[in-house]
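Trainee: My structure is below; once you've seen it, I'll send some questions.
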Amino acid sequence: MSEQAIVERIISDAEEEARAIIAEAEERAKATVAEANTRAERNRQGTEAQVKAKAESIFDGKAAAARLDGAKILLAEKRGVIDKVYARALEKLLNLSERDTLFLCKRLLDEHAEEGDELVFADNFRYAQAVSALPIIKEKKLKVSTKHATLDGGFMLRGKKSDKNLSYGAILAADREEKQAEIASVIFNTGISDE
16 MSEQAIVERI
26 ISDAEEEARA
36 IIAEAEERAK
46 ATVAEANTRA
56 ERNRQGTEAQ
66 VKAKAESIFD
76 GKAAAARLDG
86 AKILLAEKRG
96 VIDKVYARAL
106 EKLLNLSERD
116 TLFLCKRLLD
126 EHAEEGDELV
136 FADNFRYAQA
146 VSALPIIKEK
156 KLKVSTKHAT
166 LDGGFMLRGK
176 KSDKNLSYGA
186 ILAADREEKQ
196 AEIASVIFNT
206 GISDE
């Protein structure tokens, strides 16, 4: 073989080997790109899932906070309605007629007064003289104080063993404590008139 043929043969073999190396490199590059695309797709899907879960978590948190805020507002409004109910009850008690006031006071004294207690009327109590003249005052040997107390109507009893606040405000507060749930149920399930 001639020198020229050997050179051509070497060049031909080199070109063929180069084509094979390039083909192999292109295959590896395609495989690497495909693998990178697969990884990128998985990462994208994973990130989308994380973002979706985070968004749902934030939404659920905001929705729960909104429900809680709504419940707080509703509770405050319900308490406001009950406050108004008791304020109107206090107003009605303060404006009772003399006859009704005497009946109520006699009943309270029958139930709560102990012999020798001192009767202290509220500053705004209108029928102190009439109550002081009730027969139960003598029967239980009650003393009537010349001083008045700052109370929401009614009176208080000062005794040897204990004092009893029988003001209208205290009676209504005790009633509210005991019956608030029942009253709320009636008001908010059946409604209330504006009378």
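First residue of the sequence shown: 16, per my numbering; consecutive thereafter.
Each residue gets a CB set at the ideal place from its N, CA and C atoms; glycine is no exception.
1) In whole angstroms, give me the CA-to-CA distance for residue 25 and residue 17.
2) What number of angstroms, rounded off, separates the C-alpha of residue 84 from the C-alpha of residue 133?
3) Quick one: what does DSSP say residue 172 is sitting in, helix, strand or coil?
4) State whether the region 132-148 contacts the region 168-179, with contact taken as three or more CB pairs (one from each stretch) at a distance under 8 Å.
5) Please report the straight-line C-alpha distance between residue 7 and residue 102, rounded to a whole angstrom.
6) Assuming residue 166 contacts residue 123 under a Cβ cut-off of 8 Å, what Cβ separation, rounded to an integer in Å, is found between them?
7) Hey, how far is the Cα of residue 190 from the Cα of residue 198?
8) Under 8 Å by Cβ, that's how I've got residue 168 and residue 139 pegged, so tell me the actual separation to the nearest angstrom.
Mentor: Judging by the given coordinates:
1) 12 Å
2) 49 Å
3) strand
4) yes
5) Any answer about residue 7 is impossible in this case: the structure gives the chain only from 16 up to 210.
6) No, residue 166 and residue 123 are not in contact; Cβ-Cβ is about 13 Å, not under 8 Å.
7) 10 Å
8) 6 Å
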